[in-house]
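Residue numbers (UniProt numbering): 1 to 333.
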């Protein structure tokens with residue numbers, strides 16, 4: 001069995017060398033620029049299964065779509081680059097008939113890059129999907145912004161919209177300086193970094209990975225993690241709900257939210273308030289695990305701790321794990 005596996009590995013190695021040699025010659029330069037009037041366009045859809053995608057703002061009156069890079073001449077014949085209007089929607093696509101095979105050996109070739117320079121305009125819908133490689137979107141505003149990636153790194157920043165959706169199957173999501181009424185982040189595996197987010201409704205769902213949130217203002221926040229870690233710093237809002245199946249959660253915030261609910265199974269959760277807590281009712285339910293309440297002015301009783309009037313609520317429900325809540329000891333001075 002081991003000998004058979006060695007033969008397979010060796011064959012793949014030799015094939016990769018052959019593939020590299022065969023496709024490193026006769027490289028064709030690809031440089032295609034198209035300019036399109038968007039006066040009657042409300043929606044922009046961008047898709048690629050082979051190229052990096054970058055969407056950036058421009059002061060020009062026309063949209064500019066540029067595809068550039070290098071590819072073996074025989075592979076280039078199977079490349080399709082289309083820019084077309086369909087009613088009030090502009091579709092830009094870069095696809096390849098052998099995208100899966102090309103993606104597997106992509107480290108051996110120069111990457112293709114699709115750059116779309118977008119005039120200042122409030123879009124009804126902006127949809128960008130990339131099945132591989134990288135995605136960068138910045139400086140766009142509109143009604144509905146949706147970004148979808150199968151694998152690779154995604155960076156979105158300086159966006160303003162009613163609804164922002166970001167999702168990936170595996171990879172890294174970086175989102176910064178986004179203002180929206182509603183924002184959702186979904187990933188199967190990978191890491192998420194959210195900074196300077198302002199929204200009425202923030203929804204996060206992850207199967208595994210690390211989620212890092214810094215300077216987030218969300219009236220309502222909902223996060224569901226199957227496994228992994230979440231770290232939140234400088235959270236402002238009214239209501240937050242966290243469901244953690246396994247992993248750790250670390251919250252650092254100035255004062256308690258109006259309502260916060262944490263459901264944990266085999267999880268470790270820590271909440272630290274950087275200012276002296278003056279109003280909080282904390283209640284907890286646990287099947288097994290440890291709970292530590294270290295609030296300066298807390299009046300502890302079985303299953304509860306009350307500070308002040310207790311109008312703000314913090315509730316935890318644990319099957320197993322640990323929970324620790326504390327505040328500053330110097331009155332925030």
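Ideal Cβ placement from N, Cα and C applies to all residues, glycine included.
Please tell me whether residue 71 and residue 30 are closer than 8 Å, where the distance is taken between their beta carbons.
Residue numbering aside, residue 71 sits at position 71 when the chain shown is read from its first letter. Residue numbering aside, residue 30 sits at position 30 when the chain shown is read from its first letter. Contact flag set, yes.
Below 8 Å CB to CB, which residues in the same chain sit around residue 28 once its five sequence neighbours on both sides are set aside?
Locating residue 28 in the chain shown gives position 28, counting from the first residue. Around residue 28: 70, 71, 72, 73, 76.
Could you tell me which of 304, 121, 191, 236 sits nearest to residue 207, measuring between CA atoms?
The residue given as residue 207 occupies position 207 in the chain shown. Residue 191 is the option with its Cα nearest to residue 207.
Can you check whether the C-beta of residue 42 is within less than 8 Å of a C-beta belonging to chain C?
Of the protein chains in this structure there is only one, and it is not chain C.
Is residue 171 closer than 8 Å to residue 153 when the C-beta atoms are compared?
If you number the chain shown from 1, residue 153 lands on position 153. If you number the chain shown from 1, residue 171 lands on position 171. It is a contact, given that the beta carbons lie within the stated cut-off.
Distance check for residue 80 and residue 167, CA to CA, integer angstroms please.
As a first step, residue 167 must be located in the chain shown, where it is residue number 167. As a first step, residue 80 must be located in the chain shown, where it is residue number 80. Roughly 25 Å between the two C-alpha positions.
Determine the extent of the alpha helix (DSSP H) in which residue 254 is found, giving its start and end residues.
Residue numbering aside, residue 254 sits at position 254 when the chain shown is read from its first letter. Where residue 254 is concerned, there is no enclosing alpha helix (DSSP H), given that its DSSP letter is neither H nor E.
How big is the Cα-Cα spacing for residue 269 and residue 262?
Here residue 269 refers to the residue found at position 269 when the chain shown is read from its first residue. Here residue 262 refers to the residue found at position 262 when the chain shown is read from its first residue. Their backbone Cα atoms lie some 9 Å apart in a straight line.
Would you list, in sequence order, the uninterrupted alpha helix (DSSP H) runs of no fewer than 4 residues that lie entirely inside the region 28 to 81?
Fully enclosed alpha helix (DSSP H) runs of 4 or longer: 73 to 76.
Rounded to whole angstroms, how far is the Cβ of residue 258 from the Cβ of residue 275, which I believe are closer than 8 Å?
Translated into the one-based positions of the chain shown, residue 258 becomes position 258. Translated into the one-based positions of the chain shown, residue 275 becomes position 275. Going by Cβ atoms, the distance from residue 258 to residue 275 rounds to 16 Å, so no, they are not a contact pair.
Residue 124 by DSSP, collapsed to three states: which one?
As a first step, residue 124 must be located in the chain shown, where it is residue number 124. Reduced to three states, the DSSP call for residue 124 is strand.
Does DSSP classify residue 329 as helix, strand or coil?
Counting from one through the chain shown, the residue named residue 329 turns up at place 329. Note: residue 329 maps to coil in three-state DSSP.
Rounded to the nearest angstrom, how far is the Cβ of residue 180 from that of residue 199, given a contact under 8 Å?
Position 180 of the chain shown, counted from the start, is the residue given in the question as residue 180. Position 199 of the chain shown, counted from the start, is the residue given in the question as residue 199. Rounded, the Cβ-Cβ distance is 5 Å, consistent with contact.
Output needed for residue 231: all residues of its chain with C-beta closer than 6 Å, excluding positions within five of it in sequence on either side, in chain order.
Locating residue 231 in the chain shown gives position 231, where the first residue counts as 1. Correct list, in chain order: 212, 250.
To the nearest angstrom, how far is it from the Cα of residue 111 to the Cα of residue 51?
The sequence position of residue 111 within the chain shown is 111, counting from 1. The sequence position of residue 51 within the chain shown is 51, counting from 1. Roughly 7 Å separates the two Cα atoms.
Which same chain residues end up closer than 7 Å to residue 104 when comparing Cβ atoms and leaving out the 5 residues on each side of it in sequence?
Position 104 of the chain shown, counted from the first residue, corresponds to residue 104. With a pLDDT of 49 at residue 104, under the threshold of 50, the predicted position of this residue should be treated as unreliable, though the coordinate-derived value follows. No residues qualify anywhere along the chain.
Using DSSP with H/G/I as helix, E/B as strand and the rest coil, what is residue 21?
As a first step, residue 21 must be located in the chain shown, where it is residue number 21. Residue confidence is low: residue 21 scores 48 on pLDDT, short of 50, so the model does not pin down where it sits. No coordinate-derived value is stated.
Between the beta-carbon of residue 260 and the beta-carbon of residue 314, is there less than 8 Å?
One-based indexing of the chain shown puts residue 260 at position 260. One-based indexing of the chain shown puts residue 314 at position 314. Result yes, Cβ atoms of residue 260 and residue 314 sit closer than 8 Å.
Starting from the N-terminal side, write out each stretch of the beta strand (DSSP E) that is 3 residues or longer and does not extend beyond the region 278 to 329.
The qualifying runs are 280 to 286, 290 to 294, 299 to 301, 304 to 307, 313 to 318, 321 to 327.
Return the bridge partner residues of residue 175 from the DSSP annotation.
Taking the first residue of the chain shown as 1, we reach residue 175 at position 175. Its beta-bridge partners are 156, 194.
What is the residue span of the beta strand (DSSP E) that residue 132 lies within?
Here residue 132 is taken as the residue at index 132 of the chain shown, counted from 1. First-last for residue 132: undefined, no H or E at that position.
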